[in-house]
Structures are given as C-alpha cells and as structure tokens.
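Step one of this worksheet: look at the structure below.
Chains as they are written, first to last, in this note's numbering: chain V, 308 to 723; chain C, 346 to 436.
Right, dumping it as structure tokens:
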C-alpha cells in the first residue's frame, strides 16, 4: 500500500483529498502532503531504492503517488562532490557540494517540476503554468515540451537574458509581466482561480514542494546512508529549505537514518532578505520587501514559507543570514576556484553565507557540512563579467612569452 | 463612494459564489473588510483572527500589498480595487 494519504493543513490540521488544492478552506493555511510510513520497513525500503532508477523516482515511496509515475524527462541523482580545497580555504573539516546544476535544465527546479507535472497529468490537466524567477521557467517549459503538455510561463520582465532564452527555446507561451516576482505571483494566483490549468507553484504547490525532499534523500544515500551535521541552503520562498529538513525527518522516522537531524542555515541576498531580517530582529513572521539584488532567482519579497523557515532555523540550532551583492560575486568565484563548479548568483549567496558562518566560528572543526548549489553559472553570466582579465596576443610564441614573462624560462620542463 | 473587492475562489463558498463585491462608505481597508464581514456570514473567521488578518492572507489595494502601505488603516478611494489572496503560493 502506498504511503501517501491526503492533504493536510499545516496550520489547523484539516484534511483534504489528494486533488488540485493548496489552501485550507477553514484558515487559509498552506496544505502539505500527509503520509503514513508505518508499512515501510527500513531494509526493504533501502533495497527498493537501490534497485530503483537513477532519478528522483528511486524515492517514489516518499513521493505523493500510488504508483511510480512514468515521466518523459527525469531529474535528480546529481553529484555530491567532496570539496576539500573549499574546506581548507575556509578552515573547515569536511565540506560537500550538492551540485544540482547537473539536472536537465541545470537547476534543482527540475525535481519539483518532475513531481508537479506527473501529478498534473494524473489529475488530467492539459495545460501547465508557473510564476517564475527564471529557473522554474526553464524547467516547466522543458518538462511540458517533453510531456506534450501546453504551457504558459510567467516571468518578471527584467529577468536575465540567459534565463529568457533558455525558456523560450522549448516552445512555451512565454509571458513577461511588467513588475517583480511578487507581482507575477499575484497575477498567477488570480489566474489560477479562473482557469482550469495546473499552476505548478500555485494549485499544484503541495505536490511540487515534495520534489525538494529528494535532495535530502540523495545527500543521505550518497553519504553512505548517513546524516550530515549541517546543511547550508538558499532561501527564496523557504520551501526548498524546509522540505530538505522534512526529507531527513522522514528517513529518520522510517529508520533509514540514525542520529540527530542536521543544523539548517538559510542563505539570502541582502537586497531581498525578508527571512534573514525577521531572523535578525527575532520575529516569527516576515515583512515583505521590494527585491533589489543580482540574485534574481532568490528575489521573492513575500516568501510563502517564511514562518516555517524561521522555525526550522530556530529548532535546528541554525540561522538565516544574508550577504551583499559583492559577497555574492566573491562567493561564485570562491566556489569556481576551489571546486570547479560554476554556479549562478543563488549559489554565490549560499557559498558566501558558508564563508560568513566559517568566519564567525559557527561551524565546528569536526562537522560534515553540505552546501546546496541550486543553479548553473551560465544562467547569470552578467554576475561574472569583468571579474577577471584575459590576455590577448598575436599567434606568436614571442608575444606569449613576453605577455607572461616566461622568456627566460626553460622551454620544456623536465618531469618532476 | 464605492470600492470593488475581488474575492478568491477559496472564499466563494461563503459569498454565495460571488467573485466580486461592492462596498460603500468605507474609508480604510479595515472598514472595507468590516463591510464584507457584515454582509457574508462566516467570512470573518476564515481570514481574520483576534482583530487582525490571519498570517497567510494577503490584501492588496490597486495591486499594492497593504503591508507596504498602512495595513488595515490604508485609505481607499472611490473606484479602488481591493484584492484578497492566499499568501501560500510561489517559490
């Protein structure tokens, strides 16, 4: 019997059937998928996972479906890279990079879209849509194309050109809305009320959000079925941050993992930091902000899961920190120079917050830390333009030697 | 003096299916909402708690979140559109 049971309000506990619904009728609280894992034994579940496909569907027991769906474009099973040079630079013991740029459209959003579209198809929808800061736009357009569904993708009109191009190419109906992400999101909420479409992050949101748990499952499996001590994760709406924690909690409940849950550190850009600001001021709610940051994929001024992100940071012994645009650019460079992973601005935020935590002395020397890198650097090229020098020469060995001051060096170095 | 309130699908079970309501003689968002509560039984409990809006309810005047304005004290003018929406989408 599948573990998935119902939708449940996170605020008042009201139960609803598994349909296209995201808000509690009674209290307006968000709905979340409810499971009953009591039939899962740890050993059998582990074997089923290990024999499963090389995608998020190996974790189908923990996703909101009666049976493992078939999807045209899968996601997940991205590398977990040990980052010793980054750890050395920061004076830390053990750092791992979860490189989610290695998804089909180069961000973690492929996980949530894979789940949302599978559910949309199961519920009989012909048209899918989303409000996006860019990565989700790429992903919905691609997965809809692969699945043969019509799609409408709504983005803020000032989005990075790379993200616009990498969306339009899939043949979606691309809608640039004059305004910021929060305006786009409000429009989609109104449209979702009037049209019989599956908006992945509106009426499909309870299912969509479940996809983020698979980052926790993969990290644990890739660490040899062990928990990390600390997770450093970017925070936009707060959904990814809180769902990774839920993933670890579910596996502890089933007995696949033992030990204390990790500490959770959330990362925001100072130019859009409603959750970090609430954390700093000791509030349990967020005041909306007008975003002004190069980290556009995190530019949500009105975060839906803000209160839950604050709660997680508090109960896990972590924090929510923010960094400036200059720190974000330095973060992108630091990750690239020490790990060979080129991340977009959101990953610059996460890396810069890791550095901040290390500099502050928050991280113990024996801790195993996982840095979640959610998107690819080629999506935000403007952030690195002008940050390094290039040497231009004629096709001449003399010019090369002169340019690099190598004229007196031996032509061929002997092997050492 | 009249303000149009746009009602989200989640609340239409208490408005008899109405998607819009006209509220007369209200000077602030708070008074607009009081006018709605008087008209529709059960609406208050859905979106308000202890005299304030529940934490997952957003209200906009002419597209602007009232938390950027003066909250429930935000003034409304003749012809303004007030929109009520759930706060749990996006991301």
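Beta carbons are placed, not taken as given, at the ideal position from N, Cα and C, and that holds for glycine.
Opposite residue i in the DSSP bridges: which residues?
i                      : result
residue 682 of chain V : V:414
residue 402 of chain C : C:431
residue 394 of chain C : C:397
residue 572 of chain V : V:539, V:626
residue 351 of chain C : C:365, C:428
residue 484 of chain V : V:463
residue 401 of chain V : V:675
residue 506 of chain V : V:436
residue 579 of chain V : V:576
residue 379 of chain C : Its beta-bridge partners do not exist; DSSP assigns none.
residue 409 of chain C : C:406
residue 373 of chain C : C:420
Return helix, strand or coil for residue i, following the three-state DSSP convention.
i                      : result
residue 495 of chain V : helix
residue 630 of chain V : strand
residue 526 of chain V : helix
residue 360 of chain V : coil
residue 386 of chain V : coil
residue 364 of chain C : coil
residue 421 of chain C : coil
residue 406 of chain V : strand
residue 461 of chain V : strand
residue 312 of chain V : strand
residue 514 of chain V : helix
residue 341 of chain V : strand
residue 447 of chain V : helix
residue 332 of chain V : coil
residue 696 of chain V : coil
residue 415 of chain C : coil
residue 600 of chain V : coil
residue 551 of chain V : helix
residue 607 of chain V : coil
Are residue i and residue j close, meaning C-beta to C-beta below 8 Å?
i                      : j                      : result
residue 676 of chain V : residue 539 of chain V : yes
residue 646 of chain V : residue 635 of chain V : no
residue 521 of chain V : residue 655 of chain V : no
residue 368 of chain V : residue 354 of chain V : no
residue 518 of chain V : residue 422 of chain V : yes
residue 742 of chain V : residue 582 of chain V : Past the edges of chain V, shown from 308 to 723, lies residue 742 of chain V, and the structure says nothing about it.
residue 663 of chain V : residue 628 of chain V : yes
residue 394 of chain V : residue 402 of chain V : yes
residue 360 of chain C : residue 366 of chain C : yes
residue 313 of chain V : residue 322 of chain V : yes
residue 640 of chain V : residue 694 of chain V : yes
residue 318 of chain V : residue 334 of chain V : yes
residue 386 of chain V : residue 409 of chain V : yes
residue 427 of chain C : residue 414 of chain C : no
residue 492 of chain V : residue 438 of chain V : yes
residue 444 of chain V : residue 380 of chain V : no
residue 392 of chain C : residue 399 of chain C : yes
residue 601 of chain V : residue 440 of chain V : no
residue 407 of chain V : residue 679 of chain V : yes
residue 415 of chain V : residue 681 of chain V : yes
residue 632 of chain V : residue 578 of chain V : yes
residue 332 of chain V : residue 420 of chain C : no
residue 512 of chain V : residue 434 of chain C : yes
So, under 8 Å CB-CB, residue i and residue j are touching, yes? Tell me the CB distance rounded to an integer number of Å.
i                      : j                      : result
residue 487 of chain V : residue 598 of chain V : 6 Å
residue 490 of chain V : residue 484 of chain V : 6 Å
residue 436 of chain C : residue 612 of chain V : 7 Å
residue 566 of chain V : residue 620 of chain V : The Cβ separation is near 20 Å, so there is no contact.
residue 494 of chain V : residue 461 of chain V : 7 Å
residue 337 of chain V : residue 330 of chain V : 7 Å
residue 756 of chain V : residue 434 of chain V : The structure shown has nothing for residue 756 of chain V, since chain V only spans 308 to 723.
residue 410 of chain C : residue 442 of chain V : The pair is not a contact, with the Cβ atoms about 24 Å apart (cut-off 8 Å).
residue 524 of chain V : residue 396 of chain V : With 8 Å as the limit, residue 524 of chain V and residue 396 of chain V do not qualify as a contact, their Cβ atoms being about 29 Å apart.
residue 344 of chain V : residue 533 of chain V : Contact flag wrong, Cβ pair sits at about 20 Å.
Excluding the five sequence neighbours on either side, which residues of its own chain have a C-beta within less than 6 Å of the C-beta of residue i, listed in chain order?
i                      : result
residue 311 of chain V : 342, 371
residue 535 of chain V : 569, 675, 677
residue 686 of chain V : 469, 470, 651
residue 637 of chain V : none
residue 417 of chain C : 374, 375
residue 347 of chain C : 367, 369
residue 673 of chain V : 400
Looking only at its chain, what residues have a beta carbon closer than 7 Å to the beta carbon of residue i, apart from the 5 residues adjacent to it on each side?
i                      : result
residue 447 of chain C : Past the boundaries of the shown model lies residue 447 of chain C; chain C is included only from 346 to 436, so the question cannot be answered.
residue 741 of chain V : Here chain V has residues from 308 to 723 only, and residue 741 of chain V is not among them.
residue 515 of chain V : 419, 422, 423, 507, 508
residue 353 of chain C : 429, 430, 431
residue 670 of chain V : 399, 537, 664, 676
residue 364 of chain V : 375, 381
Please confirm whether residue i has its beta-carbon closer than 8 Å to some beta-carbon of chain D.
i                      : result
residue 458 of chain V : Looking at the structure shown, chain D is missing, and the protein chains on hand are V and C.
Would you say residue i touches the ligand MN, meaning its beta carbon is less than 7 Å from a heavy atom?
i                      : result
residue 643 of chain V : Looking for the ligand MN in the displayed structure turns up nothing, as the structure carries no ligands at all.
Kindly list the residues whose CB is nearer than 8 Å to the CB of residue i, restricted to its own chain and excluding five residues on each side of it in sequence; keep chain order.
i                      : result
residue 455 of chain V : 379
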